[in-house]
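Oh and the sequence shown: position 156 is 156 in UniProt numbering, straight run, nothing missing.
Here's the structure we're looking at; comments come further down.
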Amino acid sequence: MTLRTSSPASSAQRVKGAGRRVRRGRRSRYRLAPFIFTVATAVLFGLFFLWPGVLGLSYSLTDFRGWGDSEFVGLSNYGDLFGDSEFYQSLGRTLLYALFAVPVGYCLALAMAVALTAQRARGKTAARIIFFVPWLVSPIVAGVIWRWMFGESFGFVNYIIRLLGGDAVPWATNADLSLFVAVLASAWGGAAFNMLLFIAAISNVPKSYYEAAELDGANGWQRFWYITLPGIAPTSVLVILLSSLTAMKEFAMIQALNGGGPGTQNRLIVQYIYETGFERSLIGYASAASMILLVILMIIAIIQLRISKRKNAW
């Protein structure tokens, strides 16, 4: 009986061949995984964003009321909408709300981030948890909480004012004061997420800049104005953009806080769309308002992105 022994050269070839097969298998998996994730993302985007948008656009060209057959009416819904005073009132109130809510939320989030990234700050972990809790609260719950706090006859704020000898403030019956409370509630609820973005951006600013500025005699405000703010400019643009889009689409918190009141004086554009579509059963008309809101949001995003590109070019 003869024994066959493999030569070192043949063994090395088999090892190399096995290594090539393993590498090819790994490369195929690495190529397949991105493809699967890309296809899944595209399917979800088309199912939950693209298709509803196309459906809304098609509804806006009809007199669909939520049931029965619909008739094609072309651009008549848009024509009626541009002559609707309630639509302009809701849109104007929404722009006013965003004009105040975005800066207040931006300043609050930035102040929290600066305080938590200060070298001499104590209790940072506990403070981050406390500051982040409002973001975990549902907008509806947040609206109810602020409604209880600023109630005219039962609110905690008016209770404190009465204890101090003052008169109750008409938080709910005065349109401007009611909008003021909504701005505070919005800033309180959204500041936590923006705070995390600012903390990450401030942490990426080189420490050597602050050390050099401190050696040159710059105080804390000068270091913040000339180093921190320019260093977090891209994040600032992102925060302003996201906050603007969120404010323009606000619904749940306002609905729970004041229901668009007093009356309809603080009814925002999404509330107008909701009431028109679901309470008055004018789905086609409400879809036309939604398309106009979509265009406005796209314009806001494009303007802010162009401003960001110009600042980066400078």
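Note that CB positions come from ideal geometry on N, CA and C, so glycine has one too.
Quick caveat: nothing in here was measured; it's all calculated off a predicted structure.
Quiz item: Alpha carbon to alpha carbon, what distance is there between Gln304 and Gly53?
Solution: 23 Å
Quiz item: To which residues of the same chain is Lys249 closer than 7 Å at the C-beta, ignoring the five residues directly before and after it?
Solution: Val270
Quiz item: From Leu164 to Asn174, what does the alpha carbon distance come to, in whole angstroms?
Solution: 22 Å
Quiz prompt | Contacting residues, own chain, Cβ-Cβ under 7 Å from Ala185 (five flanking each side not counted) | solution = Ala142, Gly143, Trp146, Met253 and Leu257
Self-check item: Candidates Arg267, Ser308, Val133 and Pro230, of which the one nearest Ser85 by Cα
Solution: Arg267
Quiz item: Distance, Cα to Cα, Tyr88 vs Phe82?
Solution: 8 Å
Exercise. Give me the Cβ distance between Ser60 and Gly284, rounded to the nearest whole Å; I'm assuming they're in contact under 8 Å.
Key: 6 Å
Quiz prompt | Residue(s) in a DSSP beta bridge with Thr62 | solution = Phe72
Quiz item: Who are the Cβ neighbours of Val193 in its own chain at under 6 Å, not counting the five residues just before and after it?
Solution: The amino acid occupying residue 193 in the given sequence is Phe; Val does not appear at that position. Here the set comprises Trp135.
Self-check item: Classification of Leu3 by the beta-carbon crowding that lies within 10 angstroms, buried from 16 upward
Solution: Here the model assigns Leu3 a pLDDT of 46, short of 50, so the residue's position is not dependable, and the following value carries that caveat. When all chains shown are included, Leu3 counts as exposed.
Quiz item: At a cut of 8 Å, does the segment 281 to 295 reach the segment 57 to 76 through at least three beta carbon pairs?
Solution: yes
Exercise. State the Cα-Cα distance for the pair Gly46 and Ala40, rounded to the nearest angstrom.
Key: 10 Å
Exercise. Alpha carbon to alpha carbon, how far is Thr94 from Gly105? Give it in angstroms, no decimals.
Key: 16 Å
Quiz prompt | Assigned exposure category for Tyr226 - 16 Cβ within 10 Å defines buried | solution = exposed
Exercise. For Phe156, I'd like the list of residues in its chain whose CB is within less than 6 Å of its CB, leaving aside the five on either flank, ordered along the chain.
Key: Met149
Quiz item: If you count every other CB in all the chains shown that lies within 10 Å of the CB of Ala33, and 16 or more means buried, which is it?
Solution: exposed
Quiz item: Hey, Ala101 and Ala182: beta-carbon distance below 9 Å or not?
Solution: yes
Quiz item: To which residues of the same chain is Tyr210 closer than 8 Å at the C-beta, ignoring the five residues directly before and after it?
Solution: Arg223 and Ile227
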